[in-house]
Every structure is written in C-alpha cells, then in structure tokens.
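Asker: Each residue of the sequence shown is one higher than the last, beginning at 41 in the working numbering. Every residue gets a Cβ at the ideal spot worked out from N, C-alpha and C, and that includes glycine.
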Amino acid sequence: MMNARELLLAYTANIADPEVASSLFAEDGVLELSYLESIGLPTRTVGPEAIREFMTGLLLRESLDLVRAARAMLPNGVADIPA
Numbered sequence: 041m042m043n044a045r046e047l048l049l050a051y052t053a054n055i056a057d058p059e060v061a062s063s064l065f066a067e068d069g070v071l072e073l074s075y076l077e078s079i080g081l082p083t084r085t086v087g088p089e090a091i092r093e094f095m096t097g098l099l100l101r102e103s104l105d106l107v108r109a110a111r112a113m114l115p116n117g118v119a120d121i122p123a
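As structure tokens, then:
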C-alpha cells in the first residue's frame, strides 16, 4: 500500500492518464479543486469512476481551443453561417 506522499507523486505523474490517476482513489476518495468554481466546473468529485470521467472531460476541454476552431471554420465570423 502506498503512503500519502507516494500516492501524490503517482497521481501527479499520471495526471494526463485519467484511467491510471483515478485508480489511485478509494471508492470514497474525493478530488476537490475549489478553484474550478471560478470557471464554472464542479469543485468536488467522489469515487474513482466519477473522477476518471471528470478528468477525461477536463483534459478534453483543455485540449480544445474553441476560439481557434471557430476562426478556422468561420473566418468571416457570423457572415459565414448559412441562413
């Protein structure tokens, strides 16, 4: 069994792999990130499955640059949207 330090190191080493990172949490384990409230995301997630889903969504959100995608698809802004 890992101690708290080892768990934290394993979690940070695997932050980009939600499957591995979430497996480090107990069934009643909690991921609490209070600063996420400032961007409209839940601040508390409980259990490995919910944590895995949350982390997967967060990584997807961070990998998407919606402004860049919109500019690429609609270079002339709303004028490019068909009527």
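By the three-class DSSP mapping on this structure, what secondary structure does residue 59 have?
Answerer: Sequence index remark: in the sequence shown, residue 59 carries index 19 (1-based). In the structure shown, residue 59 sits in a helix (DSSP, three-state: H, G or I).
Asker: Going straight from the alpha carbon of residue 57 to that of residue 123, what length do you get?
Answerer: Locating residue 57 in the sequence shown gives position 17, where the first residue counts as 1. Locating residue 123 in the sequence shown gives position 83, where the first residue counts as 1. Cα to Cα, residue 57 sits roughly 42 Å from residue 123.
Asker: Contact defined as beta carbons within less than 8 Å: I believe residue 80 pairs with residue 69. What is the distance between those atoms, to the nearest angstrom?
Answerer: Within the sequence shown, the letter at position 40 stands for residue 80. Within the sequence shown, the letter at position 29 stands for residue 69. Between residue 69 and residue 80 the Cβ distance is about 24 Å, and since that is not below 8 Å, they are no contact.
Asker: From 60, 91, 63, 59, pick the residue whose C-alpha is nearest to that of residue 72; which is it?
Answerer: On the sequence shown, residue 72 is found 32 positions in, with the first residue counted as 1. Nearest of 60, 91, 63, 59 to residue 72, Cα basis: 91.
Asker: State the start and end residues of the unbroken alpha helix (DSSP H) segment that holds residue 71.
Answerer: The residue labelled residue 71 in the question sits at position 31 within the sequence shown. From DSSP, residue 71 is part of no alpha helix (DSSP H) but of the beta strand (DSSP E) over 70 to 72.
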